[in-house]
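Peer 1: Here the protein sequences line up with chains A and B, keeping their order. So the mapping is simple: my numbering equals the position in the first sequence, first residue as 1, plus 61. So the mapping is simple: my numbering equals the position in the second sequence, first residue as 1, plus 61. Every residue gets a Cβ at the ideal spot worked out from N, C-alpha and C, and that includes glycine.
Protein chains: 2
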Amino acid sequence: MNLENTQVQMRKGILEYCILHIISRGEVYASDMLEELTSAKMIVVEGTLYPLLTRLKNAGLLEYKWVESKSGPPRKYYTLTNMGKNFLDGLSDTWKDLVLSTQKITNNSK
Amino acid sequence: MNLENTQVQMRKGILEYCILHIISRGEVYASDMLEELTSAKMIVVEGTLYPLLTRLKNAGLLEYKWVESKSGPPRKYYTLTNMGKNFLDGLSDTWKDLVLSTQKITNNSK
DNA sequence: ATATGGTACTTGGCCATACATAGTACTTTT
DNA sequence: AAAAGTACTATGTATGGCCAAGTACCATAT
Chain A
62 MNLENTQVQM
72 RKGILEYCIL
82 HIISRGEVYA
92 SDMLEELTSA
102 KMIVVEGTLY
112 PLLTRLKNAG
122 LLEYKWVESK
132 SGPPRKYYTL
142 TNMGKNFLDG
152 LSDTWKDLVL
162 STQKITNNSK
Chain B
62 MNLENTQVQM
72 RKGILEYCIL
82 HIISRGEVYA
92 SDMLEELTSA
102 KMIVVEGTLY
112 PLLTRLKNAG
122 LLEYKWVESK
132 SGPPRKYYTL
142 TNMGKNFLDG
152 LSDTWKDLVL
162 STQKITNNSK
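What follows is the structure in structure tokens.
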């Protein structure tokens with residue numbers, strides 16, 4: 062039971078929300094997402110991101126197309142499916158509720 | 062992969078934070094916490110709360126004393142240890158960072 | 001042409017937490 | 001004595017983040 066471990070637990074689910082959101086703004090591939098997540102101080106590593114993308118794709122929330130790159134192997138560029146858009150909307154509400162609930166508890170000083 | 066499942070995932074870790082916070086405000090026992098969590102719309106059930114309290118206690122973050130009840134079996138009243146207080150402070154920062162990071166990403170409309 | 005280093009993605013296994021479910025123990029009510 | 005209610009315990013399952021090792025392709029240096 063240490064802080065680092067709890068930080069990991071806190072990220073669960075939230076990451077999914079953030080990634081769907083990033084993709085909703087336009088075609089991106091994994092490294093784009095990693096860069097944005099890192100610059101927002103949301104710690105993520107490859108071993109987390111890639112399996113997550115695969116999961117979301119298998120669930121029908123994402124689709125991708127291969128695009129050639131000038132500096133390396135081809136890349137998977139992801140976009141949201143309609144189902145993905147709906148799911149993102151649902152997640153949005155869930156996240157807002159969760160933040161509100163937490164505020165309610167942590168601001169309560171009785 | 063459904064919404065309900067993701068809600069569960071999002072709660073992971075955050076619950077720990079909320080519970081430590083509730084206990085930090087004074088002696089409480091499990092049903093007190095359950096009531097407050099429910100009224101804040103943070104869905105939790107017995108089967109989640111009790112094991113969590115045991116875990117936190119074994120980690121040295123909580124301690125409890127038995128108190129007789131007028132209407133039923135005795136209760137465990139919990140308080141934070143010093144270690145628990147420090148841990149809660151750390152969690153506070155972690156949570157705030159996480160919310161900020163998420164805001165940064167979800168408000169980014171490029 | 002071959003070797004080296006970097007980029008992009010894949011896979012298998014581990015661990016921690018939330019939850020469902022069933023069960024124990026004690027008290028009060030009928 | 002039986003039934004109902006309260007407080008707590010124990011076991012097993014599912015999921016997601018992460019580590020670590022590995023594959024494959026490209027560009028550059030030797």
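Using a Cβ-Cβ distance under 8 Å, would A/Thr109 count as near chain B?
Peer 2: Counted from its first residue, the first sequence places residue 109 of chain A at position 48. A/Thr109 does not count as touching chain B.
Peer 1: With respect to the beta strand (DSSP E) encompassing B/Tyr138, which residues constitute its N-terminal and C-terminal limits?
Peer 2: Translated into the one-based positions of the second sequence, residue 138 of chain B becomes position 77. According to the DSSP assignment, B/Tyr138 belongs to the beta strand (DSSP E) that extends over 136-141.
Peer 1: Report the CB separation of A/Lys137 from A/Trp127 in whole angstroms; it is logged as a contact under 8 Å.
Peer 2: By one-based count along the first sequence, residue 137 of chain A stands at place 76. By one-based count along the first sequence, residue 127 of chain A stands at place 66. That pair is a contact at about 6 Å.
Peer 1: According to a CB-to-CB cut-off of less than 8 Å, which residues of the segment 127-156 of chain B neighbour chain A?
Peer 2: For the segment 127-156 of chain B, the set of positions with a beta-carbon nearer than 8 Å to some beta-carbon of chain A reads Phe148, Gly151, Leu152, Ser153, Thr155, Trp156 in chain order.
Peer 1: With DSSP as the reference, please indicate the residues paired to B/Leu123 in a beta bridge.
Peer 2: Numbered from its first residue, the second sequence carries residue 123 of chain B at position 62. B/Leu123 pairs with B/Leu141.
Peer 1: Would you call the CB atoms of B/Leu81 and B/Leu149 closer than 8 Å?
Peer 2: Within the second sequence, numbered from 1, the residue matching residue 81 of chain B stands at position 20. Within the second sequence, numbered from 1, the residue matching residue 149 of chain B stands at position 88. A contact, by the Cβ cut-off of 8 Å.
Peer 1: For B/Ser92, which residues in chain A fall below 7 Å Cβ to Cβ?
Peer 2: For the purposes of this step, residue 92 of chain B is identified with residue 31 of the second sequence, where counting begins at 1. Near B/Ser92 there are no residues of chain A at all, since even the closest Cβ is about 16 Å away, more than 7 Å.
Peer 1: Measure the alpha-carbon distance for B/Ala91 versus B/Arg116 and round it to whole angstroms.
Peer 2: Position 30 of the second sequence, counted from the start, is the residue given in the question as residue 91 of chain B. Position 55 of the second sequence, counted from the start, is the residue given in the question as residue 116 of chain B. The alpha-carbon atoms of B/Ala91 and B/Arg116 are separated by roughly 14 Å.
Peer 1: Output yes or no for whether 8 Å exceeds the beta carbon distance between B/Glu88 and B/Tyr139.
Peer 2: Working through the second sequence from its first residue, we reach residue 88 of chain B at position 27. Working through the second sequence from its first residue, we reach residue 139 of chain B at position 78. A contact, by the Cβ cut-off of 8 Å.
Peer 1: Taking the straight line between their C-alpha atoms, what separation do you get for B/Leu123 and A/Pro135?
Peer 2: Here residue 123 of chain B refers to the residue found at position 62 of the second sequence. Here residue 135 of chain A refers to the residue found at position 74 of the first sequence. Looking at the two C-alpha atoms, the distance is approximately 52 Å.
Peer 1: So is A/Gly96 in contact with chain B if we call contact Cβ pairs under 8 Å?
Peer 2: Within the first sequence, the letter at position 35 stands for residue 96 of chain A. For the record, residue 96 of chain A in the displayed sequence is Glu; it is not Gly. For A/Glu96, the answer is no, since every Cβ of chain B falls outside 8 Å of its Cβ.
Peer 1: List, in order along the chain, the chain A residues whose C-beta lies closer than 8 Å to that of B/Lys73?
Peer 2: Taking the first residue of the second sequence as position 1, residue 73 of chain B is located at position 12. Here the neighbours are Gln70, Met71, Lys73, Gly74.
Peer 1: At 3 residues or longer, and completely inside the segment 93-122 of chain A: list those beta strand (DSSP E) runs for me, N to C.
Peer 2: Complete beta strand (DSSP E) runs here, min 3: none at all.
Peer 1: Taking only beta-carbon atoms, is A/Lys118 less than 8 Å away from chain B?
Peer 2: Numbered from 1 along the first sequence, position 57 holds the residue referred to as residue 118 of chain A. Chain B, which has no Cβ nearer than 8 Å to the Cβ of A/Lys118, makes this no.
Peer 1: Within the 8 Å Cβ cut-off, does A/Val106 reach chain B?
Peer 2: The count along the first sequence starts at 1 and reaches residue 106 of chain A at position 45. Answer no: the Cβ-Cβ gap between A/Val106 and chain B never drops below 8 Å.
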